[in-house]
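Notes follow once the structure below has been shown.
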Amino acid sequence: MNAILPGVTAVLAAGFGLGFGLARPAAAAPQTASPRAGHGQAKKRAAAAARVLPPVPAKLPGWMDNKNKNHIFYKRGRYNYDIYNIKPLAYDLNAVAVGHAMAYEDLVTGKAATLDTKTYARIDRVLKNPPRLMPDEAAISPTFGRRFGVLEQVFDWTHVLHAQTVDVLASNRLSAEEKDAEIERLWRYYFDSVPYAITPLPMNMAFLDGQPYSGAFRAKYPKVNGLFWGYHWLQGVMYDALYNKTLGQQKAVYAVLGKRYHETELRRTDRPFMPMFAEVSPTFSARFPHIANAFDNLHMLHDMVNDILASEWMTERQKDEQVKRAIWLVSAEAHRGEKPGASKGAGGAHDHRFMAGMPGMGMMKGSTPELMYMEGMGWMSMADCHHCSMPLPDGKDAWKASTVTADGWTMRVRCALCARDMSSETQGDAILTVATEDPRRPLVLLSDEQGNLKTDMTGAVFLEAEASHAGCSEWSQAFTSRAAFDAFVKANPEYKSARALTLAQWSERHGKKPDTYFKPKGPVENPYADGKREAKSE
Amino acid sequence: MRTTRTFTLLAAAAVLGVLLASPATAVDHNNIDAGRPLSFDDAEAIAFRERALEFGVSLSAPRGGAAGLGLKAEYLVGFALNSHLSVDVDASLGGRAGSDATGADLDEVGVGVFHNFNREYGGTPAFAVRGDVLFPVGGAGGTEYRLRGIASKAARQYDRWHLNLDAVFAPGAGDEEREFRPGAVLGYSTPLGYPTRFDRTGLAEVALQTSEEKGEGPVVSLGLGLRQQVTVRSVLDVGLRSDLAGGERDDIRLIAGYATAF
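As structure tokens, this is what we get:
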């Protein structure tokens, strides 16, 4: 069927040609507008030759050159648009869509020179006054869409997955088990419906960010790049913010995170790399690593496209080719038959190793399989507690890990004490999600700047019989109720003399420095030091 | 009597549909379907697997006749990539252009298929075609067949032109009626409120339609319209059309509608 379409299109084009002044070559307009364009192109060719661009693979599948709209409706479900249960988050996400589209449109319509000034100001106004309804990105970036239609398909379809998974999490009509099952169905719907799904495999981020054009956008447009990475922060952090929480908890948690997003994360220009999904939502990433990987790969595709468009030394044709190559690199089809954890050449496009303990995160710059570097935190193992260095529960017990969200990151810890004490060592507001005896009912604690803790689970009590951290996940626990505490003590008589601590009593405590803690040392001091700019934020 | 009841049922169904669909309603204000509110289509089909309900009410003042009310309901389903099917029902109450009737009548039921050949890329417009079969159910006239070619293309950065070329075949036309009626509509759409709001599209059109009656000159009309996103899945539209020339014409026609996807 599709084979005849180009012919039909040609006939129609001839029929309608008069009315529309057709037959202008697609890429001709912006390139030939300047009388000096010829000279500029020659200079770009010379510059490009100096930096050898990787070739676009031969014999790419037909979908990579499709000229169809291919709009697909989202999966039906009673949860759709339930993100509006948490309106501040819904509105912030609406503004993210505008921000991406405005920047892309300006980049391809000759307004790149004012991207960090006029465009930034225009986007900022929207971020501060977000639309109440999700805008159609294609309508805001029509020129970009006409030039990069397939890229737009990839973005749009993956954004649908983003939106629907968040709708599921924000729904108060589904149980926690139903949410997990529906998220898996959404993934299948996403992956099976189109040929241009993004790969769920962990990708080597150092490779993707090690292209001849990499880093161009962040160096040239630090403020807009900061916004983009701020969006990626939000799009990542919201998953753990919503996962396994009641609607009331979700609203309370987003009150903290939304403030952080607007005041800090959107304005940061000192990040060495985009926020990774598992750095801000490790619980969801461990539970749904394929989805976390796909979102990181989507965000990396955004960065690669940004860098390509910001690389003035490339000709327009080379930019088009490199965008196509970038799509191919992160596409599921390019990695068909490959497995997470496997590698066909470490450090390359088919390196699908992941960080130890975190299947939802590919290898980072300078990392070893065991250790990765995180700005502000240094070297760390994602398989171990960030407070006591003991191994984190994994597999079917992964839910027993607690998390601390503070200062823009989310870290997994092994016990309630580790969560509390790690939180107390951070500045500003913090969110503690502490595992209880019920896998679906973690205790959510909000910590203000003074370290005061509050929760909506008023009956929660704590066990804390401090000993070596080798056993901290036993002697330090939170329970949803006194009855649950008593049941645990009955089953574990060694704790028969332990008191059930109220939140007020427990929060007054502070444990000793964990006897098991050690500071991991990476292969270098800071793998991002070579490309690091002066730290600053607005 | 029977048609009055049908008309009432259609009106009730439309209102009920609006009420039921409102809480869960993703048609988009940027995507333009004929009748919502003007007469032109853009070249984009609804999404594959999407279903949509569209309702419209029009108040018209035919030249030399009594004012009348028109009602339209349409169901669309995206049955394949870039293609959708539609079923629509039209009814009238009171005066109408090209007829002396003033009662309540179910005018026609239409079944159509729409296919988009390509998205707009580079300097090439998006092209689409739709074919409709219109079955008369009010007793008058015969089955009509309409073929419409559609092209949509950027005008400047955000606004677009939409050219619709129509060929209507009426093999059962009476002696005084035309069996073939060509027509053309040039539509225009532009976002309103950008870059601070992103939920509203303004529309305009100029249309040229051949009159059904032999001997009558073509109907030339102008229209202005607005599409406003009202919920995440629904759009309200309002329009104003006026036939400037032609025999079977409305001096003025006010249109309001609602579309919802599910």
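Protein chains in written order, with the working numbering: chain A, 1 to 538; chain B, 539 to 800. From the three backbone atoms N, C-alpha and C, an ideal C-beta is built for every residue, glycine too.
Query	Result
Ranges of the beta strand (DSSP E) found wholly within the region 66-144 of chain A, counting only runs of at least 3	none
Contact list for Leu133/A against chain B, beta-carbon separation under 7 angstroms	Asp737, Gln767, Val770
Closer than 9 angstroms to chain A by CB, Ala664/B	yes
Contacts of Thr734/B in chain A (Cβ-Cβ under 8 angstroms)	Arg125, Val126, Asn129
Chain A within 9 angstroms of Gly763/B, Cβ atoms only	no
Against chain B: residues of the region 66-83 of chain A by CB proximity under 7 angstroms	Lys67, Asn68, Lys69, Asn70, His71, Ile72, Phe73, Tyr81
Pairwise C-alpha distance: Thr748/B and Leu685/B	14 angstroms
Contact list for Met102/A against chain B, beta-carbon separation under 9 angstroms	Pro733
Neighbouring residues, chain B, relative to Arg185/A (Cβ below 7 angstroms)	Residues of chain B passing the Cβ test: none, with the nearest at roughly 15 angstroms.
Straight-line Cα distance separating Asn204/A from Leu764/B	48 angstroms
Distance cut-off 8 angstroms: Gly149/A Cβ against heavy atoms of the ligand NAP	The ligand NAP is absent from the structure shown, which contains no ligands of any kind.
The region 237-251 of chain A contacting the region 211-218 of chain A, beta-carbon criterion three pairs below 8 angstroms	no
Alpha-carbon to alpha-carbon, Glu312/A and Pro35/A	Confidence is the limiting factor: at Pro35/A the pLDDT is only 39, short of 50, which leaves the residue's position unreliable, though a coordinate-based value still follows. Going from the Cα of Pro35/A to the Cα of Glu312/A covers about 17 angstroms.
Exposure label - Arg574/B; buried when at least 16 CB within 10 Å	buried
Terminal residues of the beta strand (DSSP E) in which Ala504/A lies	Looking at the DSSP string, Ala504/A is not in any beta strand (DSSP E); the run it does join, the alpha helix (DSSP H), is 503-507.
Inter-residue Cα distance where the pair is Asp488/B and Asp82/A	There is simply no residue 488/B to check, as chain B begins at 539 and stops at 800 in what is shown.
Proximity to Ile198/A [Cα-Cα], best of Tyr239/A, Ala465/A, Asp296/A, Ser285/A	Asp296/A
Minimum C-alpha distance to Gly408/A - residue among Met372/A, His262/A, Met314/A, Asp124/A	His262/A
Three-way DSSP call (helix, strand, coil) for Gly641/B in this model	coil
Rounded straight-line distance, which links the Cα of Glu105/A to that of Ile140/A	7 angstroms
When Gly366/A, His350/A, His386/A are compared against Gly540/A, the one with the closest alpha-carbon	What is shown of chain A runs 1 to 538, which leaves residue 540/A out entirely.
Ser424/A: first and last residue of the uninterrupted alpha helix (DSSP H) it sits in	416-424
Chain-ordered neighbours of Asp167/A on chain B, where CB pairs are closer than 8 angstroms	Simply none; closest approach about 10 angstroms.
Same chain only: Cβ atoms within 8 angstroms of Phe673/B, ignoring 5 sequence neighbours per side	Glu646, Val647, Gly648, Val649, Thr681
Min CB distance Val154/A to chain B below 9 angstroms	no
Alpha helix (DSSP H) runs contained entirely in the region 428-467 of chain A, provided each spans 4 or more residues	none
Neighbour-count burial assignment, Asp638/B, 16 or more Cβ in a 10 Å radius	exposed
C-beta neighbour in chain B for Glu105/A, strict 9 angstroms	yes
Which of helix, strand or coil DSSP assigns to Gly149/A	helix
For Met374/A, the three-state DSSP class (helix, strand or coil)	strand
Distance CB(Gly347/A)-CB(Phe228/A) smaller than 9 angstroms	no
Those residues which DSSP pairs with Arg589/B across a bridge	Val615/B
Straight-line Cα distance separating Ala383/A from Thr739/B	52 angstroms
C-beta contact flag for Leu161/A and Leu301/A at 9 angstroms	no
Three-state class that DSSP yields for Asn244/A in the structure shown	coil
Sequence-distant residues of the same chain with beta carbon closer than 7 angstroms to Val723/B, five excluded per side	Ser577, Phe578, Asn702, Glu743, Ala745
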